[in-house]
Amino acid sequence: MIKKVAIPSLFLLFAYFIISNANAKVIVAGIAIFLIGMHFMENGFKLFSGGALEKILEKFTSTIPKAIATGFLSTAIVQSSSLTSIIVISFLSAGLLGLTEAIGVVFGSNLGTTSTAWIVAYFGFKVKISVYAMPMLIFGVVLRFSSETKYKGIGDILLGLGFIFLGISYMKEGFETLKSSIDLASYAVEGYPGILIYILIGAIATVVIQSSSATMAIIITALAGGQILYISAIALAIGANVGTTVTAIMGAMASNENGKRLAVAHFIFNIITALATLLLIYQLSDFVDYLSTFVGIEDDNFILKLALFHTVFNLMGILLVSPFIGIMVISLNKLFVPKMKKSSKPKFLNDAVIQVPETAIYALRNEVINLYDKSLKAMIHAMNLHREDIFSNKELKDIVYSSNVKLNTNIDDIYKETLKSLYSEIVRYASLSQEHMNNEERMVTGSIKTASRKIVKSVKEIKELQKNINHFLLGKNLDIKDEYNLIREQLAYTLREIESLRKDDVNEIDRLTKMETVKIRIENFESSTNEKIDDLIRTNKINAHMATSLINDSSFASHICIRLLEIANIIWISDKETQEIGEDNEY
Amino acid sequence: MNIKKIVKKIDDFFNLPQKKQIKKNKKIDSIREKLINKKESLEKSLKKVKKCKEKEELKLQIKAIKNLIKKATIV
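Protein chains in written order, with this note's numbering: chain B, 10 to 596; chain Y, 24 to 98.
Pasting the structure below:
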């Protein structure tokens, strides 16, 4: 309720402030145009490079210095640290980049963002590139109409540059006009209290605008307009650096562990850099004055000096923090551990007994049964059925015909959240335990691993079946509905029979016989379905499209049933010779 | 029939050391015997059963056991 009232009220207040104050209108418009320019630049490089940035990040980040250099260059060229961060996080999650290298890229990216200050200070003021902003916009728009992605990308880059320089020009104009009515520099507080106030203002401005580059552009134009003193501008620049980490942390709240680790690393880097710069602010300022004589910056050119200061303090931060990346990585990995859902944690696998083959095999077999049980629910729900019905004494035909409500089971989610990590643990445990086993024991473990793979495969295949089950069951054609109900009945029958042979009082010969009986039924079902489909097509009860779906799905369902029986053979028949007899030589 | 699989099984069987081979033979014989006994028991039950559904079920189980006996000969 408060949000619904507060946000529109703030919006109206802001609108009133802009409309009533001509200078504010020009400055804020300049910021908005600058921001849209940054957006077009980022988009343009994405289209133009065609994945080149990703390739560069993948290839040139094998060491920390390389990672820092790559982060610096990619951000300086693309003019977007957020794009670099997004790619780094996705690479980290996919395992293409380690956390150490990823942190190196982020540090380098921080240095890369200082290039914006140079572009604004040099091209915006020294070269007066705003003159070329209009032609850049015109050609940018023209190129955007091209059908080729590369030219569209160049168009966006030109539009971005044009808007950036147009934005700077408006901000400059706004601040210059503001000077005639109010001199903000006269309100500056001296000494460290003043510096701290400006650091805070810089941080808040960056959090609000969501871009440290935009804040730097404002600082430079305000400095150029004489609205702030050089030392205040330095403090604002430090604040902008701190503000950008707050933005990154806010964004990382909804992210995975990798995003969080990088956000914290970024935060630590900027806080340490800010603290070090604060302590040595006057010394650094003197050092920048000294450096300026070597790079050809005039003594009174404070905007270029500010750009140099921005670069120097970020470089100082890299030199200070980089030696501790290793310690940071260890601490971050401990701090942010991926949360495994309780249901996806193994119940029986114990690393303490991994070296004892018999116990390890026993634990693995039980864990695969655990995986099967968890998969069972997903498979049954995917067919819009319920466990308690399938494993009851009710007629399967009646259960299937009465269960018409779509259960909207998301197999992908279930797999990712519950099954994948359990399956991974089984594979890991099996592989490690095999080191301590003889040939025969290794074969047994190997077949248990195979059973877990088949379980996961069955779950994924049911997902394919689910689409057509839902589509045709909700349709109007009763004949196709009947056929899909038979498919559901076949799968339910197989699951029910497997459940019945799990009981302890069933001996292995009876289990074997039951599985073979089910296999024969499935074969009979498949051949009778094929005959029926021919008949349904001949009598025009189903069209060719339905027929092909039905042929594929009934074959699919038969394969799933056979695979489930293969799983049951491995898990519930422990005698090796009996198991071998149960293995299918026919399919 | 998957000939390759059968050939592989036969090959594996004859590559086992002799003692293990004898042990395996004995086990398979024992399983085959149990299957034959089960088949005979089901055939006796088939003669007594009158309901169509139960007859069909028993015939299916007998067919299944015949398949298993065949497989046990190959293993």
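Glycine is no exception: its CB is placed at the ideal position from the N, C-alpha and C atoms. All values reported here derive from a predicted model rather than from experimental measurement.
- Interface with chain Y (8 Å Cβ-Cβ cutoff): I531/B is excluded.
- Cβ neighbours of I290/B within its own chain (closer than 7 Å, five residues either side excluded): I204 and I243.
- Around the beta carbon of F278/B, 16 or more other beta carbons lie within 10 angstroms, which makes this residue buried.
- Boundaries of the alpha helix (DSSP H) around E56/Y: Q41 to K71.
- The C-alpha of Y207/B is placed about 26 Å away from the C-alpha of Y25/B.
- Taken in chain order, the members of the region 51-63 of chain Y whose beta-carbon sits within less than 8 Å of a beta-carbon on chain B are I51, I54, K57, L58 and K61.
- Per the C-alpha coordinates, the member of K73/Y, E63/Y and K74/Y positioned closest to K86/Y is E63/Y.
- Under the DSSP assignment, I237/B falls outside any alpha helix (DSSP H); it carries neither an H nor an E label.
- Between T286/B and I240/B, the C-beta gap is not smaller than 8 Å, which leaves the two residues out of contact.
- Closest in C-alpha terms to Y438/B, from the list L108/B, L510/B, V362/B and I531/B, comes V362/B.
- Sequence-distant Cβ neighbours of L44/B in its own chain, meaning closer than 8 Å and more than five residues away, are G176, I218, S220 and A223.
- Residue contact with chain B for Q84/Y: present (Cβ-Cβ distance below 8 Å to some residue of chain B).
- For the pair of segments examined, the region 520-531 of chain B was found to touch the region 69-85 of chain Y: the number of CB pairs separated by less than 8 Å reaches three.
- Ranked by Cα distance from V453/B, the first of L373/B, Q499/B, R497/B and V468/B is L373/B.
- Here G107/B carries a coil assignment [DSSP, helix/strand/coil].
- Rounded to the nearest whole angstrom, the CA to CA distance from A249/B to I281/B is 14 Å.
- Chain order gives no chain Y residues near T538/B, where near means a beta carbon separation below 7 Å; the closest approach is about 18 Å.
- DSSP places R511/B outside any alpha helix (DSSP H), giving it a letter other than H or E.
- Annotation for P202/B: the continuous alpha helix (DSSP H) segment containing it runs G200 to I218.
- Taking 8 Å as the cut-off, the beta carbon of F81/B is found closer than this to the beta carbon of L120/B.
- Taking a 10 Å sphere around the C-beta of S29/B, we find fewer than 16 other C-beta atoms and assign the residue as exposed.
- Among the residues facing chain Y, T368/B is not included, as its CB has no counterpart in that chain under 8 Å away.
- At a cut-off of 8 Å between beta carbons, I88/Y contacts chain B.
- Those residues of the region 483-503 of chain B placed with their C-beta closer than 9 Å to a C-beta in chain Y do not exist.
- Distance from the CA of N267/B to the CA of H480/B, rounded to the nearest whole angstrom, comes to 39 Å.
- With fewer than 16 neighbouring CB atoms inside 10 Å of its own CB, E444/B falls in the exposed class.
- Chain B has a Cβ within less than 8 Å of the Cβ of K94/Y.
- Sixteen is the threshold: since fewer than 16 other Cβ atoms of the shown chains lie within 10 Å of the Cβ of V150/B, the residue is exposed.
- One thing to note: T418/B has its Cβ within 8 Å of the Cβ of A387/B.
- The Cβ atoms of V330/B and L293/B lie no closer than 8 Å to each other.
- The beta carbon of L91/Y falls within 8 Å of a beta carbon belonging to chain B, placing the residue at that interface.
- In this structure E449/B is exposed. Its beta-carbon is surrounded by fewer than 16 other beta-carbon atoms within 10 angstroms.
- Taking the CA atoms as reference points, T72/B sits about 10 Å from V114/B.
- Neighbours of K47/Y in chain B, taken as residues whose beta carbon is under 8 Å from its own, are E586 in chain order.
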